[in-house]
Structures are given as C-alpha cells and as structure tokens.
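In the working numbering, the protein residues as written are -16 to 340.
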C-alpha cells in the first residue's frame, strides 16, 4: 500500500494531537522546524507513534550558535520584534537596541567565518535567516500564549468552583464573563501572509519533494489557491470533501485510528494511488470519477464508525493545483533563483481542514 504523507503549513510547532483528525486519512504528517531541535525541545507526548515528524529543511549547521546568540539578544523583547518583523521580511527599520541595529547584528553574526561567499549566496542566506527568525519568534509567542491560556483557564476553573460554593452551584450567569477572561491575551496575534512567505522560503530550500500540503489555516490555504488561480488562469478544483472524526481526548487516539484505518484500508489504498496520479499526471475525467467514488466510500465508512457523530461538521477539502507546490511558493515569495527538488511533483494538492460548526 502506497503511503499518504502530507506536509503541514505554515506551522512550525506541530504535535500529533494538533493533527489527530487529519491522521485518520494520512499515514504521516511532516512539518518544518525553523532550526535544528534542541535537546528536550520535543513537546509531542505521542512522538513515539512516529505519525508526526518535524525536520529543518535548511539547517543552520555551524551557524546555529550564532542564531541562538541573536535570540538571546532579543530575549525579553520577542513580542516587540515579532510585531515589527511581521510588517515585512526585512529587519532594517527596527531601529536601535543597545546602540546597534538588529539587522547589523544579524549581518555581523553571519559574517563571522563566512568569507569567500559571493553576493548571491550571501543574499540567499540573509533571506533564510530572516525567515527563520520570524518563524522562531512566532514559536516563542505561541508557546507563551499557550502557557498563558492554560494558566488563565486554571484561574477560571478556580473562580467557577468558588462561585459554585458561594451560589450553591448556580453559575450560569457568570459563564460568559469567565469565558471572556480566558480568551483575553496581550501578545500580538499572528499574520498569515508574512508567516506563509517565511515558511515558503524554507520550502524552497528543502531538497525533499512534497506534493501534498495540508493546513487548518484557511487564510494560508486561500493564499496558495489564489496564486494557483493567477498562474493557471482558472480557479483550482476541489476534488473531494471528506468527513473527519470529531476532536476527542487523546487517550484512545491510536486504537481508534488503527481500527478505522484497518476497516478503510481499501479506500485509503485507492486514495493513495489516485492522489499520486494527481500530482504526477494531473486531473482528468477518469481520475475525477474515481475520486468521487472513493470519497463516497470514505464518508460512508466514517458515518458508520460513529467517530464523527459527537461533534459533527469537520471536513478535509482536497484541492488540485495544476502547478507544483515549488512553483506556487516561488511565485508567492518572488523567488527566481531557487530550483525545486529534481524529483519534485508536477502538480500540487492542498488539503484544508475546515469546521462547518
């Protein structure tokens, strides 16, 4: 059986739990790391299942320590710099910190031990450093937001318990107030376009071919699909819409996934072959008909399993792109000097997770 593997975008912090619904369809979901992992940096409690795998497409190697020096210079000001960098992928305008511009700091760190490189290579390295920095700052902000949300949820739970004791369990009039408190944050929100472009720079540096991109970020998916429409001259076609299981506690994730995929093995095998044909040969009438049949069988199997009954309304929409992911991202990033992997696919697939709830 051919495996169905997808690359998550534009996230660089991905766990098995965060893609658990999609993993009922895909054998494995890969994702990019902005830099090489540090020891003890793995936050995926289900990493041993090997269903979700991260790797750096453009490892820093000997420059990793210099990159960490840069992060240490920004420590305590991540939110400030993150907000500034999001305006564009250039850092020149960020102003002074301790008498030295951030961009000058980056350049000085890069120049250490980097003599003999031509201008084109240096420019490419600078772009990758900017992309890594933006993605790494986004990771730091995301982690801090998650810790804050957990802390605020804990406080809200304690408040509910206190009010429950004071009001003999009648807390309906307080739920709305508490819910607002748990959603309040002080960190800057992410902006998809610059993050996607930064992620795209890593994609263009990757030598591993990828034909299927997956995301639950509708804005990021629509950006890629808009590029496809611009290049192809017509809107990309949604080839299937698949029912996904409800989100659930991860305690029995592996068992439920294995049971379902065992029952749907024939359907998954059909999809693996059909999506492989899509990325290599393109879409024709016969493949479209077979995809419709496979989607109907998948949706029937998902409904019969009961996995989608508790919180219905989650779907995986799969779009076919005439252009390869490499060409789409090169166009998005305005990159003219980056060639895709030799064995890269001829066409692309974007798999978007949506909720109709």
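Every residue gets a Cβ at the ideal spot worked out from N, C-alpha and C, and that includes glycine. Remember, predicted model here, so these are calculated numbers, not experimental data.
Beta carbon of residue i nearer than 8 Å to that of residue j
i, j, result
"residue 298", "residue 226", "yes"
"residue 200", "residue -7", "yes"
"residue 185", "residue 41", "yes"
"residue 197", "residue 5", "yes"
"residue 333", "residue 204", "yes"
"residue 222", "residue 311", "no"
"residue 17", "residue 118", "yes"
"residue 277", "residue 253", "yes"
"residue 258", "residue 195", "yes"
"residue 220", "residue 266", "yes"
"residue 228", "residue 9", "no"
"residue 32", "residue -1", "yes"
"residue 296", "residue 246", "no"
Local conformation of residue i per DSSP, three classes
i, result
"residue 33", "coil"
"residue 86", "In this prediction, residue 86 has a pLDDT of 49, which is less than 50 and means its spatial position is unreliable; what the coordinates show is noted afterwards. In this structure, residue 86 counts as helix in the three-state DSSP scheme."
"residue 172", "Caution applies to residue 172, whose pLDDT of 44 falls short of 50 and renders its modelled position unreliable; the model cannot decide the point."
"residue 103", "helix"
"residue 317", "coil"
"residue -5", "coil"
"residue 11", "strand"
"residue 43", "coil"
"residue 1", "helix"
"residue 328", "coil"
"residue 196", "strand"
"residue 227", "coil"
"residue 221", "strand"
"residue 156", "Legend: pLDDT at residue 156 = 47, less than 50; position of this residue unreliable, no value from coordinates given."
"residue 61", "Residue placement at residue 61 is poorly supported in this model, since its pLDDT is 49, which falls under 50; the coordinates still yield a value, given next. Residue state, collapsed to three classes: helix."
"residue 54", "helix"
"residue 177", "helix"
Expected contact under 8 Å - CB spacing of residue i and residue j to nearest Å
i, j, result
"residue -12", "residue 11", "5 Å"
"residue 39", "residue 193", "About 15 Å; that fails the 8 Å criterion."
"residue 14", "residue 51", "Between residue 51 and residue 14 the Cβ distance is about 21 Å, and since that is not below 8 Å, they are no contact."
"residue 269", "residue 329", "The Cβ separation is near 18 Å, so there is no contact."
"residue 306", "residue 331", "6 Å"
"residue 250", "residue 281", "5 Å"
"residue 284", "residue 230", "Rounded, the Cβ-Cβ distance is 19 Å, inconsistent with contact."
"residue 187", "residue 313", "6 Å"
"residue 202", "residue 175", "4 Å"
"residue 290", "residue 224", "About 17 Å; that fails the 8 Å criterion."
"residue 43", "residue 183", "With 8 Å as the limit, residue 43 and residue 183 do not qualify as a contact, their Cβ atoms being about 18 Å apart."
"residue 36", "residue 236", "Actually they are not in contact, since the Cβ atoms of residue 36 and residue 236 sit about 17 Å apart, beyond 8 Å."
"residue 114", "residue 218", "In fact, because the Cβ distance is near 29 Å, the residues do not count as touching under 8 Å."
"residue -14", "residue 248", "With a Cβ gap of about 12 Å, residue -14 and residue 248 do not count as contacting."
Residue i, enclosing beta strand (DSSP E) - first and last residue
i, result
"residue 303", "297 to 304"
Span of the alpha helix (DSSP H), counted from its first residue to its last, around residue i
i, result
"residue -9", "Residue -9 -> not in any alpha helix (DSSP H); beta strand (DSSP E) instead, spanning -12 to -9."
"residue 307", "From DSSP, residue 307 is part of no alpha helix (DSSP H); its letter is neither H nor E."
"residue 264", "248 to 264"
"residue 338", "Run containing residue 338: none in the alpha helix (DSSP H); it sits in the beta strand (DSSP E), 331 to 338."
"residue 205", "201 to 215"
"residue 283", "268 to 288"
Test: residue i CB closer than 8 Å to a CB of chain D
i, result
"residue 228", "No chain D is part of this structure, which consists of one protein chain only."
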